[in-house]
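Undergrad: Here's a structure for you.
Numbering (the UniProt record's numbering), first residue to last: 1 to 263.
Pasting the structure below:
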């Protein structure tokens, strides 16, 4: 019997391919809300009902339930947040408040559980509204809208799977764990990299919004999965992500020529 994965989206496909028949006593919910700003009450209600039903079943059958929460600004983007799993959090959106409430349901359920607070995961098969596909589509049109001074923690889906595999393998339970690179990339640098790979310089509309930048702590994950310290989340991590999932950097002449035609 293989791990039970609920959902048929981006994360579930990568987990199914990686886990195979391992972790047969584990259920992973990959069918939750993914839109941080445009989700509706009905979306939150559906995810809550799924979590409630699944955690009851896992308690009855002795399975471990894995829930994906968020390490985005929706959870850590307010004054007073430490970025640590045990630190104070003041979610700034309905999305963040919903995810935190689902964490509380698991913690008081009596079932075995794990919560992984994910940063912005990047990989093949993402939905158009997610960060890199959305920015890429905007750059292709020649017009991109950004929040001034915004930063994002980006993580390759392959490394996310590595983190989950490592934590499950050592039998950790009843923990909230940040799964992130721990590096905050300026949104302008991300767009610069996408432009270089598409050969298009987009016109940028900058919006002034209140931003609190909090780095996501990965101390707990690095302690549990020592291999996390060897990945190398340095200055070349972002270019490597964009090379893999957007494409190689275009030649300088081609970039300048296309940019001139797009203005």
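We put the CB at the ideal spot given by N, CA and C, even for glycine.
Could you pull out every residue in the same chain whose Cβ sits closer than 8 Å to the Cβ of residue 25, ignoring the five residues on either side in sequence?
TA: For this step, residue 25 is matched to residue 25 along the chain shown. The beta carbon of residue 25 lies closer than 8 Å to those of 62, 63 and 64 in the same chain, with the five residues before and after it left out.
Undergrad: So, under 8 Å CB-CB, residue 95 and residue 179 are touching, yes? Tell me the CB distance rounded to an integer number of Å.
TA: Translated into the one-based positions of the chain shown, residue 95 becomes position 95. Translated into the one-based positions of the chain shown, residue 179 becomes position 179. In fact, because the Cβ distance is near 17 Å, the residues do not count as touching under 8 Å.
Undergrad: Am I right that residue 115 and residue 15 are in contact with their C-beta atoms under 8 Å? What's the rounded C-beta distance?
TA: Taking the first residue of the chain shown as position 1, residue 115 is located at position 115. Taking the first residue of the chain shown as position 1, residue 15 is located at position 15. Rounded, the Cβ-Cβ distance is 16 Å, inconsistent with contact.
Undergrad: Once the 5 residues before and after residue 113 are set aside, which same chain residues still bring their CB inside 6 Å of it?
TA: Numbered from its first residue, the chain shown carries residue 113 at position 113. Here the set comprises 65 and 106.
Undergrad: Quick check for students: name the residue ranges of the beta strand (DSSP E) that lie wholly in the segment 57-130, counting only runs of 3 or more.
TA: 64-70, 112-118 and 120-122
Undergrad: Using only CA atoms, which one of 90, 148, 81 and 185 lies nearest to residue 234?
TA: Numbered from 1 along the chain shown, position 234 holds the residue referred to as residue 234. Checked all of 90, 148, 81 and 185; the closest Cα to residue 234 is 185.
Undergrad: Applying the 10 Å Cβ sphere with the 16-neighbour rule, what's the burial state of residue 223?
TA: What you label residue 223 is simply residue 223 of the chain shown in a count that begins at 1. With fewer than 16 Cβ atoms within 10 Å of its Cβ, residue 223 is classed as exposed.
Undergrad: Which of the three DSSP states is assigned to residue 162 in this structure?
TA: Walking along the chain shown from the start, residue 162 turns up at place 162. Residue state, collapsed to three classes: helix.
Undergrad: Below 7 Å CB to CB, which residues in the same chain sit around residue 51 once its five sequence neighbours on both sides are set aside?
TA: On the chain shown, residue 51 is found 51 positions in, with the first residue counted as 1. Taken in chain order, the residues that qualify are 29, 67, 102 and 105.
Undergrad: Are there 16 or more other CB atoms within 10 angstroms of the CB of residue 99, so buried, or fewer, so exposed?
TA: Translated into the one-based positions of the chain shown, residue 99 becomes position 99. It is buried - the Cβ of residue 99 has at least 16 other Cβ atoms within 10 Å.
Undergrad: Buried or exposed, going by whether 16 or more other CB atoms sit within 10 Å of the CB of residue 174?
TA: Position 174 of the chain shown, counting from 1, holds the residue named residue 174. Answer is exposed; the Cβ neighbour count stays below 16.
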